[in-house]
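Numbering (UniProt numbering), first residue to last: 1 to 485.
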Amino acid sequence: MSNNSAPTFEGFTVTCKLGSGSYASVYRAYDKVSNEEVAIKCIDKRAVTKTQADSIIREIKILKMLEHPYIVKMLDFFWDDRYVYIVLEYCNGGDLMKYINDKRRIPEPVCKKFMIQLVAGLKYLRSKDIYHYDLKPQNILLQGRNELILKISDFGLSLFAHKHLENEKAGIGPRGSPSYMAPEMLVSNQYDPSLIDLWSLGVILYECLHGKLPLPQKTVPGIVEAIKKSTLIMVDINLSVECKSLLKQLLSYNPRGRITFEKLLKHPFIYSEDSSPPDEETYKNAIKASRDAVKTDFERDYHAAFNKYCSALKYMMPFVTQEKGLASNSSETEEEEEKEVLEEVLSQPDVEELDEASTSGTKLSQLTYEQVALLKTMAKATPKMYDGLDVGYSAQMYLCEGNYRESLDKFMLALSLLIPVLRNEPCGKRRELLVIQVKFWLDQAESLKTLLKANDDLRRIGNPLYEAEEVGEDDINVQDFCRIT
1 MSNNSAPTFE GFTVTCKLGS GSYASVYRAY DKVSNEEVAI KCIDKRAVTK
51 TQADSIIREI KILKMLEHPY IVKMLDFFWD DRYVYIVLEY CNGGDLMKYI
101 NDKRRIPEPV CKKFMIQLVA GLKYLRSKDI YHYDLKPQNI LLQGRNELIL
151 KISDFGLSLF AHKHLENEKA GIGPRGSPSY MAPEMLVSNQ YDPSLIDLWS
201 LGVILYECLH GKLPLPQKTV PGIVEAIKKS TLIMVDINLS VECKSLLKQL
251 LSYNPRGRIT FEKLLKHPFI YSEDSSPPDE ETYKNAIKAS RDAVKTDFER
301 DYHAAFNKYC SALKYMMPFV TQEKGLASNS SETEEEEEKE VLEEVLSQPD
351 VEELDEASTS GTKLSQLTYE QVALLKTMAK ATPKMYDGLD VGYSAQMYLC
401 EGNYRESLDK FMLALSLLIP VLRNEPCGKR RELLVIQVKF WLDQAESLKT
451 LLKANDDLRR IGNPLYEAEE VGEDDINVQD FCRIT
């Protein structure tokens, strides 16, 4: 592979270089078969030291073990006489450092979502007995545009927890980048490995919120001196009490005063009923529910499949984050206005009780066939109402056929016709039936919108609808075959 020409990889089409370092370059490429966009890390075996070679081998072994929505996924790796190639999922948002530089200061609600994702990723790593040891914004990749998903990457310095004592005996010193390295690693060789990533997490949170590091010193001696003096870390007074509390507990110079990971999971800034870190069990449930929905879809039981997709979304939603306030969307504004109009109509206390024979327990739900026939007959005198109902019933047909996007388009068209009519509709039987029908279709449209919007997120968390091929521990000996050392 010449330095002056674009590299060629069998099975991939390279589009551009994403970056390069002392011994590796990263390229953006497409898989020629699946058309999947990937990042290929090319490592020059002749340019690496023994320590760097060990780091590369360790990273490949660790990445083989990992599959989590907030950790960058290794798709494959291969080698030739000169290079080792690691194929990774492509993250289109760059890294967190670039994002911080672009935004200067990230709003606290967005930082909270970022922290929830990072904590979920770290929780998964700890379940695999792994400490990262080099957490920093440059090693956190972003995927998506308005809806950002963070991916922890670069496991070259990571270690298994049970290896810590071996490293101490071998005299292995500090690991990581000084600005993000725990104080005890810089001033002492004695440290608790379970607390190292927590200091780094605190530095990342601080930098996201303030646009700068908690300790501004650039050199290792300067950082060490600031640590020994226990330099006061200034925090923005406008932050919430929960946020300031977490920063204080993460950025404790004394490791004994630093929050433990178990307590971090329960901290109010991280944990709440509607924003708790999604765990591996939730991920497995999401995969199972999604596959069940796909199976039902293939069996052409579309109505049941739709309900199962909606059920699967309940598990998926903790993995779907939305960055609000940093991007505006006119269509979302229009949808909110439409909802407000409907809420105003439905809140009017003039909907009379329908008699028991006509409702059959379907009030504010789906109309019976008899009620549908009655409503259509009564709507003939109002062309817009009749047309809107006709479009809405065709949307239901598309839904039953499994054509979800066409169904959503029809539902939205029907609602755009019916809501203005409903607003001016006088009290009476026709209005009562129309309220029930419109509300039911609005609920259907919202479910379809969520389903279609989540489709990209389902792919981003590892295409859970199909079983992934797993590489067995004994399939290959990385060190023997790569021959890096």
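No residue lacks a Cβ here, since even glycine has one placed at the ideal position from N, Cα and C. These numbers come from a predicted model, not from an experiment.
| Item | Value |
| --- | --- |
| Nearest-angstrom Cα separation, counted from I43 out to I56 | 9 Å |
| Beta-carbon spacing of E108, C208 below 7 Å | no |
| Run of the beta strand (DSSP E) containing E406, from where it starts to where it stops | No beta strand (DSSP E) holds E406; the alpha helix (DSSP H) holding it covers Y404 to R423. |
| CB of G202 within 7 Å of CB of L232, strictly | no |
| Secondary structure of A381, DSSP reduced to three states | coil |
| Where M234 falls, given that 16 or more other Cβ within 10 Å makes a residue buried | exposed |
| Under 7 Å between C-beta atoms of K32 and G11 | yes |
| CA-to-CA distance, N101 to Q138, given in whole angstroms | 11 Å |
| Neighbour-count burial assignment, V220, 16 or more Cβ in a 10 Å radius | exposed |
| Three-state secondary structure assigned by DSSP to D44 | strand |
| First and last residue of the uninterrupted alpha helix (DSSP H) at K244 | V241 to L250 |
| Same chain, Cβ closer than 8 Å to S217, neighbours up to 5 away in sequence not counted | Note that residue 217 is Gln in the sequence shown here, rather than Ser. I223, E225 and A226, listed in sequence order. |
| Stretch pair the region 74-87 + the region 111-121: three plus CB contacts closer than 8 Å | no |
| At least 3 beta-carbon pairs within less than 8 Å: the region 154-163 vs the region 117-136 | yes |
| contact_flag[the region 173-191, the region 68-79] where n(CB pairs < 8 Å) is 3 or more | no |
| Three CB pairs or more closer than 8 Å across the region 405-418 and the region 362-381 | no |
| Outcome for G428 when other beta-carbon atoms lying within 10 angstroms are tallied against a minimum of 16 | exposed |
| DSSP state of I71 mapped onto helix, strand, coil | strand |
| Neighbourhood of C16 by C-beta, 8 Å cutoff - its chain only, sequence neighbours within 5 removed | Y27 and R28 |
| Beta carbon of H267 nearer than 7 Å to that of L246 | yes |
| Three-state class that DSSP yields for S153 in the structure shown | coil |
| Burial state of C400 (16 or more Cβ within 10 Å) | exposed |
| Residue from W441, K64 and P426 whose Cα sits closest to the Cα of M397 | W441 |
| P183 burial status per 10 Å Cβ neighbour count (16 or more: buried) | buried |
| Coarse secondary structure for G222, derived from DSSP in three states | helix |
| Own chain residues within Cβ distance below 6 Å of Q437, not counting five before or after | L367 |
| Test item: CB-CB of L417 and K384 under 7 Å | yes |
| Contacts around R405, its chain only, beta-carbon distance under 7 Å, and the 5 residues preceding and following it disregarded | L452 |
| Separation of S127 from F269, as counted between CA atoms | 22 Å |
| Extent of the continuous alpha helix (DSSP H) to which K17 belongs | Unbroken run through K17 is the beta strand (DSSP E), F12 to S20; no alpha helix (DSSP H). |
| Contacts around residue 490, its chain only, beta-carbon distance under 6 Å, and the 5 residues preceding and following it disregarded | The requested residue 490 does not occur in the structure, where the chain is confined to residues 1 to 485. |
| Where the alpha helix (DSSP H) through E147 begins and ends | No alpha helix (DSSP H) contains E147, which DSSP labels as neither H nor E. |
| Residue burial classification, T13 (beta-carbon count within 10 angstroms, cutoff 16) | exposed |
| Beta-carbon proximity check, L148 vs L142, cutoff 7 Å | yes |
| Within 7 Å, strictly: CB atoms of G121 and I71 | yes |
| First and last residue of the uninterrupted alpha helix (DSSP H) at E432 | K429 to K453 |
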